[in-house]
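Working notes for the structure below.
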Amino acid sequence: MPFDKPHRLDPLLNPATIAIVGARAQPGTSGNNVLRTCMSSGFAGSLFLVNPSADEIDGRACFPSLRDIPEKIDVAAMVVGNNRIEQVFTDAVAAGVRAAVIYGSCLSETDKDGQPSLRDRIRQMAEDNDVEICGFNCAGFMNRDASVSLQLQPIGERDQGSVCLLSQSGSIYSALVHNGGRLKYNLSVSTGQETITGLTDYMDYALQMESTRTIGLFIETVRDPEAFVSALEKAAERDIAVVALKVARTEQSKRFAMSHSGAIAGDDSGFDAVFRRYGVLRVNDPEEMMATLQLLDCGKRAGKGGVVAISDSGGERELLTDVAADTDVPLADITDATRSQLASEVEYGVEAENPLDAWNSGSEFGRVFQNSMQILMNDPDAAVGVWVADMHDDLAHYWQYAKGAAAIAPTLKTPLVFATCYSTGQNTGLVLELAKSGIPVLEGIRPAMTAIRRLMDYRDFHERPTYSPALPNDLIRDAVTQWRKRLQDATPLSATESFALLGDFGIPVVRSLNVGSRSEAIRVANDIGFPVALKTTNDDIQHKSDVGGVFLDLADDAAVSSAYDKLSNQLGPDVLVSAMVPKGCELAFGLVHDDLFGPLAMIAAGGVFIEQFRDVVFAVPPFDTTTARHLIDSLSIRPILDGVRGADPVDIAALSQAFSNFSHLVALLGDVLQELDINPIIAGQGGVIAVDALIQPTGRKHHDG
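Be aware that the sequence shown starts at 0, since it is given in the numbering used here, and climbs by one per residue.
Set out below in structure tokens:
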């Protein structure tokens with residue numbers, strides 16, 4: 000058993016009895032492929048074949064239908080055409096089959112408009128009879144812990160592993176499963192259409208398998224967001240790394256066109272936020288995914304510091320250095336003691352540095368490279384070691400490199416990897432030999448550096464303190480109750496109301512007051528103190544600066560009078576008089592509703608260029624100030640906050656506190672807010688202050704939070 004506790008997917012993934020419907024004797028057919036992969040997987044249970052046109056296949060009796068098999072079947076692999084699948088599934092239900100693998104698409108030309116489709120009919124039968132389904136349109140699965148495979152294609156790597164692969168693409172599944180020995184799995188599933196059994200079900204199963212150390216996901220969509228988040232939370236708690244390749248991420252968002260936040264959110268912002276919250280390592284293509292899974296599977300985590308690297312080529316050393324900078328991978332700052340040891344090891348003329356080009360005359364290169372790599376790996380700033388070599392089975396010196404790496408591997412607490420410049424396809428022997436020592440061969444410098452960056456991200460994620468959001472205090476509870484009543488009205492909040500709401504959640508706001516006449520504007524300006532700003536509060540205008548609805552730095556009564564008259568004549572008499580805020584860095588906070596994951600908190604480079612900069616980070620609320628600071632640190636404008644060209648640095652602690660407070664607002668009121676934009680919020684040396692806000696309620700009643 001993969002684990003001690005029974006799981007509802009056991010009949011599918013850990014069956015005692017299997018039936019292959021559509022088994023065939025002819026090599027190369029799908030029915031024969033599934034039969035061969037099952038027989039070669041080491042399955043020790045009962046295997047039955049169903050083929051009404053054959054008496055036997057390779058000495059195994061064939062039954063006319065599932066109804067004729069004398070034993071109860073746990074899982075039936077249905078390798079039949081769409082024209083036969085409904086009858087086969089009906090037979091399965093009648094025979095008490097508990098699970099099915101359906102490889103076909105289940106799309107039928109006979110489906111008629113207004114009537115349940117073939118897919119719908121099979122789905123309904125499965126739901127009514129509690130039958131798990133892998134598919135439709137899948138490539139099958141392999142559970143190496145249970146020694147069972149029902150894959151459409153040859154079995155691939157058979158050795159026991161610790162990586163679970165779940166793919167919503169059959170082709171990507173096949174590419175990653177058949178990897179020339181680079182990666183070994185404990186469970187791999189091509190999930191297909193996820194008609195009944197979905198990605199999160201398989202994740203739950205994998206998380207209970209004692210052998211699971213890493214989970215790789217190829218995701219097109221998530222059909223059960225709540226279960227997905229729960230699975231990610233479990234993985235983070237158990238230190239099981241999750242690597243995700245999420246596709247379909249460039250479609251322009253159409254959900255929230257009304258506000259700045261919605262305009263820049265994009266459909267992928269929810270996944271980014273959830274991945275960040277739970278430490279999921281996001282990759283961009285199968286090469287990066289394979290490299291990252293390999294690196295995680297080596298069993299060693301990145302230490303503190305940066306990369307130490309050795310190469311036999313000056314050009315490759317320069318390439319690695321450039322790509323490391325591109326991928327934000329730091330190079331280790333090796334000590335003088337390390338340099339001295341290197342200098343005594345390498346030949347004359349070789350500069351003792353990191354990365355190290357250790358090749359000179361080639362004299363005793365095996366010893367030189369082995370000892371030099373050992374010295375580099377022993378440096379206190381060495382987090383990961385990279386041996387750059389274009390591994391090729393037919394070249395003897397690469398075997399010498401492999402021998403040297405294998406010799407030092409047992410002494411290392413941090414990962415050592417080989418990185419090639421490109422995928423040669425001629426290094427399977429070296430790959431398998433190095434795998435015995437836990438040393439992965441990563442194909443390509445950029446995938447290798449990306450994988451190392453992800454390994455460092457995983458290290459950093461687990462070094463941050465765990466945050467459990469505290470319940471709101473009584474003051475916040477009272478504010479939530481009060482504001483929920485107001486937000487049942489769909490009327491946009493006035494500027495005064497908006498600032499009051501923000502203030503109740505501890506977000507500093509500019510001193511301001513609404514006025515309706517020129518005399519009021521002058522009086523309030525004098526009360527607040529010059530200089531002041533005037534801006535229209537016309538509810539029909541969301542972005543005031545675009546229509547000349549803002550006047551700044553008004554220094555006296557005459558300036559206020561002139562500005563008020565212009566605003567009143569063009570945009571109406573209702574105006575907000577505000578204190579001028581000291582200059583600082585303009586940021587924006589926002590609320591974005593994600594269709595899958597709900598309300599998200601956003602921070603971005605703000606002001607009038609928010610949509611042009613698109614420097615934005617999304618996060619699942621609520622979060623503490625430590626998390627808020629980490630999110631702020633990920634903005635591209637972050638260096639500006641430290642002060643540039645004589646500007647004062649921003650109070651990062653105050654900004655982090657304000658963003659954390661905002662996240663609690665989003666968590667507690669996000670379900671009754673259609674839009675919430677604070678733009679700009681000015682961050683300076685003396686703190687932060689919200690200058691403008693747009694708040695649009697949903698106008699719907701919700702339960703009190």
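Where a beta carbon is used, it is the ideal one built from N, C-alpha and C, also for glycine. Since we're looking at a predicted model, the values are computed, not measured.
Quiz item: Counting only runs that start and end within the region 546-587, where is the beta strand (DSSP E) found for 3 or more residues in a row?
Solution: 549-553 and 574-578
Quiz item: For the putative contact between A666 and I677, defined by C-beta atoms under 8 angstroms, what is the C-beta separation to the nearest angstrom?
Solution: Stepping through the sequence shown from its first residue, residue 666 is reached at position 667. Stepping through the sequence shown from its first residue, residue 677 is reached at position 678. Between I677 and A666 the Cβ distance is about 16 angstroms, and since that is not below 8 angstroms, they are no contact.
Quiz item: Would E131 count as contacting chain B if we go by Cβ distances under 8 angstroms?
Solution: Protein chain content of the structure displayed is limited to a single chain, and chain B is not contained in it.
Quiz item: Are V87 and V79 closer than 8 angstroms when you measure CB to CB?
Solution: Here residue 87 corresponds to residue number 88 of the sequence shown, with the count starting at 1. Here residue 79 corresponds to residue number 80 of the sequence shown, with the count starting at 1. Cβ distance < 8 angstroms, so V87 and V79 count as in contact.
Exercise. Pull up the CB-CB distance for I527 and V559, whole angstroms please, since I reckon it's below 8 angstroms.
Key: For the purposes of this step, residue 527 is taken as residue 528 along the sequence shown, with counting starting at 1. For the purposes of this step, residue 559 is taken as residue 560 along the sequence shown, with counting starting at 1. I527 to V559, Cβ: 11 angstroms. No contact.
Quiz prompt | Nearest-angstrom Cβ-Cβ length linking G169 and Y184, presumed shorter than 8 angstroms | solution = On the sequence shown, residue 169 is found 170 positions in, with the first residue counted as 1. On the sequence shown, residue 184 is found 185 positions in, with the first residue counted as 1. That pair is no contact at about 16 angstroms.
Practice problem: Might you give, ordered along the chain, the residues of its own chain that have their beta carbon closer than 7 angstroms to the beta carbon of Y204, omitting 5 neighbours on each side? | Solution: Within the sequence shown, the letter at position 205 stands for residue 204. H6, L8 and L12, listed in sequence order.
Quiz item: How many angstroms separate the CA atom of E350 from the CA atom of I309?
Solution: Counting from one through the sequence shown, the residue named residue 350 turns up at place 351. Counting from one through the sequence shown, the residue named residue 309 turns up at place 310. Distance between the alpha carbons of E350 and I309: 12 angstroms.
Quiz prompt | Three-state class that DSSP yields for S170 in the structure shown | solution = Counted from its first residue, the sequence shown places residue 170 at position 171. Correct three-state label for S170: helix.
Quiz prompt | Spatially closest choice to I171 from V188, G180 and V162, by CA coordinates | solution = To locate residue 171, count along the sequence shown from 1; it is residue 172. Nearest of V188, G180 and V162 to I171, Cα basis: V188.
Quiz item: Looking only at DSSP bridge pairs, what is D676 linked to?
Solution: Taking the sequence shown and counting its residues from 1, the one referred to as residue 676 is at position 677. Looking at the DSSP assignment, D676 forms a beta bridge with G589 and L693.
Quiz item: Terminal residues of the continuous alpha helix (DSSP H) containing N81?
Solution: Working through the sequence shown from its first residue, we reach residue 81 at position 82. Start and end: N81 to A93.
Quiz item: Are the region 534-554 and the region 565-578 touching, with three or more C-beta to C-beta distances below 8 angstroms?
Solution: yes
Quiz prompt | Buried/exposed call for P354, threshold 16 Cβ in 10 Å | solution = Locating residue 354 in the sequence shown gives position 355, where the first residue counts as 1. Answer is buried; the Cβ neighbour count reaches 16.
Quiz item: In whole angstroms, what separates the C-alpha of D641 from that of D650?
Solution: Here the question's residue 641 lines up with position 642 in the sequence shown. Here the question's residue 650 lines up with position 651 in the sequence shown. Rounded to whole angstroms, D641 to D650 spans 9 angstroms at the Cα level.
Quiz item: Does the region 439-451 come close enough to the region 469-485 to have 3 or more Cβ pairs within less than 8 angstroms?
Solution: no
Practice problem: Give a yes or no on whether the C-beta atoms belonging to I333 and V307 are separated by under 8 angstroms. | Solution: Here residue 333 is taken as the residue at index 334 of the sequence shown, counted from 1. Here residue 307 is taken as the residue at index 308 of the sequence shown, counted from 1. Yes, the Cβ-Cβ distance between I333 and V307 is below 8 angstroms.
Quiz item: How many whole angstroms separate the CB atoms of C133 and T196, which I take to be in contact at a CB cut-off of 8 angstroms?
Solution: Within the sequence shown, numbered from 1, the residue matching residue 133 stands at position 134. Within the sequence shown, numbered from 1, the residue matching residue 196 stands at position 197. About 6 angstroms separates the two Cβ atoms, so the contact holds.
Quiz prompt | F661, enclosing alpha helix (DSSP H) - first and last residue | solution = For the purposes of this step, residue 661 is identified with residue 662 of the sequence shown, where counting begins at 1. From DSSP, the alpha helix (DSSP H) with F661 extends over I651 to L668.
Quiz item: Out of curiosity, what's the CA-to-CA distance linking G361 and S312?
Solution: To locate residue 361, count along the sequence shown from 1; it is residue 362. To locate residue 312, count along the sequence shown from 1; it is residue 313. Going by the C-alpha atoms only, they are around 12 angstroms apart.
Quiz item: When we look at the beta-carbon of P379 and count the other beta-carbons within 10 Å, is it buried (16 or more) or exposed?
Solution: Sequence index remark: in the sequence shown, residue 379 carries index 380 (1-based). Label assigned to P379: exposed.
Exercise. May I ask which residues mark the beginning and end of the alpha helix (DSSP H) holding K484?
Key: Numbered from 1 along the sequence shown, position 485 holds the residue referred to as residue 484. Its alpha helix (DSSP H) spans residues D473 to R485.
Quiz item: At what residue ranges does the region 346-395 contain a whole run of the alpha helix (DSSP H), taking only runs of 4 or more?
Solution: 364-376
Practice problem: Please look up how many angstroms separate the CB atoms of R181 and P409, rounded, as I've assumed it's under 8 angstroms. | Solution: Counted from its first residue, the sequence shown places residue 181 at position 182. Counted from its first residue, the sequence shown places residue 409 at position 410. With 8 angstroms as the limit, R181 and P409 do not qualify as a contact, their Cβ atoms being about 21 angstroms apart.
Self-check item: Residues sharing a beta bridge with C137, DSSP
Solution: Taking the first residue of the sequence shown as 1, we reach residue 137 at position 138. Answer by DSSP bridge pairing: none, since C137 is not bridged.
Quiz item: Between A342 and H391, what straight-line distance do the alpha-carbon atoms span, to the nearest angstrom?
Solution: The count along the sequence shown starts at 1 and reaches residue 342 at position 343. The count along the sequence shown starts at 1 and reaches residue 391 at position 392. Whole-angstrom Cα-Cα distance: 29 angstroms.
Practice problem: List the whole-angstrom C-beta distance separating T625 from R510, where the pair is believed to meet the contact cut-off of C-beta under 8 angstroms. | Solution: Within the sequence shown, the letter at position 626 stands for residue 625. Within the sequence shown, the letter at position 511 stands for residue 510. Not a contact, Cβ separation roughly 30 angstroms.
Quiz item: So which of E225, A382, K245 and E236 has the shortest CA-CA distance to S705?
Solution: The requested residue 705 is not part of the displayed model; the chain covers only 0 to 704.
Practice problem: Mark D327 as exposed unless 16 or more other C-beta atoms lie within 10 angstroms of its C-beta, in which case mark it buried. | Solution: Translated into the one-based positions of the sequence shown, residue 327 becomes position 328. When all chains shown are included, D327 counts as exposed.
Quiz item: In this structure, does DSSP put I17 in helix, strand or coil?
Solution: Along the sequence shown, read from residue 1 onward, the residue named residue 17 stands at position 18. Strand, per DSSP.
Quiz item: What's the C-alpha gap between E232 and G30?
Solution: Mapped onto the sequence shown, residue 232 falls at position 233. Mapped onto the sequence shown, residue 30 falls at position 31. In a straight line, the C-alpha of E232 is about 39 angstroms away from that of G30.
Quiz item: So, F658 versus A627, is the Cβ gap smaller than 8 angstroms?
Solution: If you number the sequence shown from 1, residue 658 lands on position 659. If you number the sequence shown from 1, residue 627 lands on position 628. The answer is yes: Cβ separation under 8 angstroms.
Self-check item: N537 - containing beta strand (DSSP E), residue span
Solution: For the purposes of this step, residue 537 is identified with residue 538 of the sequence shown, where counting begins at 1. Run containing N537: none; DSSP gives neither H nor E here.
Exercise. Can you give me the start and stop residues for the alpha helix (DSSP H) that N32 sits inside?
Key: Along the sequence shown, read from residue 1 onward, the residue named residue 32 stands at position 33. Note, N32: alpha helix (DSSP H), S29 to S39.
Quiz prompt | Check whether L486 and L294 have beta carbons under 8 angstroms apart | solution = Locating residue 486 in the sequence shown gives position 487, where the first residue counts as 1. Locating residue 294 in the sequence shown gives position 295, where the first residue counts as 1. Not a contact, by the Cβ cut-off of 8 angstroms.
Quiz item: At what residues does the beta strand (DSSP E) containing T194 begin and finish?
Solution: Sequence index remark: in the sequence shown, residue 194 carries index 195 (1-based). Run containing T194: none; DSSP gives neither H nor E here.
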